[in-house]
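Below is one structure; the comments refer to it alone.
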Amino acid sequence: MTFTARYDGTCAAECGDRIHPGDHVRYVDDQLVHVGCFPKDDEPEPRPTCPNCFTEIALNGACSCAS
Numbered sequence: 028m029t030f031t032a033r034y035d036g037t038c039a040a041e042c043g044d045r046i047h048p049g050d051h052v053r054y055v056d057d058q059l060v061h062v063g064c065f066p067k068d069d070e071p072e073p074r075p076t077c078p079n080c081f082t083e084i085a086l087n088g089a090c091s092c093a094s
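Residue numbering for the sequence shown follows the working numbering, beginning at 28 and increasing consecutively.
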């Protein structure tokens, strides 16, 4: 969860910059870091969708409109 810093501090990430009141921060492993200093959570790529029924195509190639 991100929040707005209310106090000065030091970013625990490798950037080494100071955290100032008003900066967007979050805790990572109980350490305060700037929002832009940690990698985004790995999100899987979206699966292709069927142009007819607009459902995700399964790994076996089937979709909702295929019988």
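Beta carbons: idealized from backbone N, C-alpha and C, even for Gly.
Between the CA atoms of residue j and residue i - distance to the nearest angstrom
i	j	result
Thr-76	Ala-40	38 angstroms
Asp-50	Asp-57	17 angstroms
Thr-82	Pro-71	17 angstroms
Phe-65	Cys-38	11 angstroms
Val-55	Asn-87	38 angstroms
Val-52	Asp-44	12 angstroms
Rounded distance between the beta-carbons of residue j and residue i, thought under 8 angstroms
i	j	result
Cys-90	Ile-84	5 angstroms
Secondary structure of residue i, DSSP reduced to three states
i	result
Gly-49	coil
Gly-36	strand
Residue i versus the options, residue with shortest Cα-Cα distance
i	options	result
Pro-48	Pro-73, Pro-78, Val-55 and Ala-32	Ala-32
Cys-42	Arg-53, Val-60 and Pro-73	Val-60
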